[in-house]
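J.:
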């Protein structure tokens, strides 16, 4: 389902979308990734 949602959103807004659960982010890079998050 995650992949289907990524594909749907990518097609809808015209940019690559990566969906991950916050708990899956590694602590070392999670802070950097969260700075680029766009909430939908």
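Residue numbers (this note's numbering): 1 to 40. Positions of the beta carbon are idealized from the N, C-alpha and C atoms, including for glycine.
1. Taking 9 Å as the cut-off, decide whether the C-beta atoms of residue 19 and residue 34 are in contact.
2. With DSSP collapsed to three states, give me the class of residue 34.
3. Pick helix, strand or coil for residue 21, following the three-state DSSP scheme.
T.: Taking the structure as given:
1. Sequence index remark: in the chain shown, residue 19 carries index 19 (1-based). Sequence index remark: in the chain shown, residue 34 carries index 34 (1-based). No, Cβ-Cβ distance for residue 19 and residue 34 is not below 9 Å.
2. Translated into the one-based positions of the chain shown, residue 34 becomes position 34. Helix.
3. As a first step, residue 21 must be located in the chain shown, where it is residue number 21. In the structure shown, residue 21 adopts coil according to DSSP, grouped into three states.
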